[in-house]
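Enquirer:
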Amino acid sequence: MSTYIILRDSKIIPEPLAFRPERWTQQGGESLNRYPMPFSRGSQACLGPRYELSLYDTTEKNVEIVRDCFNGQTRPGYNCIQVKVVRELQ
């Protein structure tokens, strides 16, 4: 299940579409901390949290947003971010 669906479930978070950031900091909010899963879980989880990565042959131009579409777009030919694995984390 995705974070998007979980955080919009009114059984888990009352009034999920209301802007109430205090729900995460007030008493009882600690029980909500198990729901956000930015890297997912299980066999389909992102590999990123297991590795320390370092940028390789990547500059600011590779990530600069220059066109405002449905999602941000980089310059043509610059949409490549390369990383190398520094070490595996325990």
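Taking the UniProt record's numbering, the leading residue of the sequence shown gets 1, the next gets one more, and so forth. For glycine and all other residues, C-beta sits at the position ideal for the given N, C-alpha and C.
Starting from the Cα of glutamine 73, find the closest Cα among Lys61, Val83 and Lys84 and give me that residue.
Expert: Along the sequence shown, one-based indexing puts residue 73 at 73. When only C-alpha atoms are compared, the closest one is Lys61.
Enquirer: Between the C-alpha atoms of aspartate 9 and proline 21, what's the straight-line distance to the nearest angstrom?
Expert: Position 9 of the sequence shown, counted from the first residue, corresponds to residue 9. Position 21 of the sequence shown, counted from the first residue, corresponds to residue 21. The straight-line gap from Cα to Cα measures roughly 16 angstroms.
Enquirer: Hey, out of Ser2, Tyr78 and Cys80, whose CA is closest to glutamine 44's CA?
Expert: If you number the sequence shown from 1, residue 44 lands on position 44. Minimum Cα distance to glutamine 44 is reached at Ser2.
Enquirer: Tell me, which residues are paired with aspartate 68 by DSSP?
Expert: Along the sequence shown, one-based indexing puts residue 68 at 68. According to DSSP, aspartate 68 bridges with Gly72.
Enquirer: Where does arginine 50 fall in DSSP's three states?
Expert: Here residue 50 refers to the residue found at position 50 when the sequence shown is read from its first residue. Helix, per DSSP.
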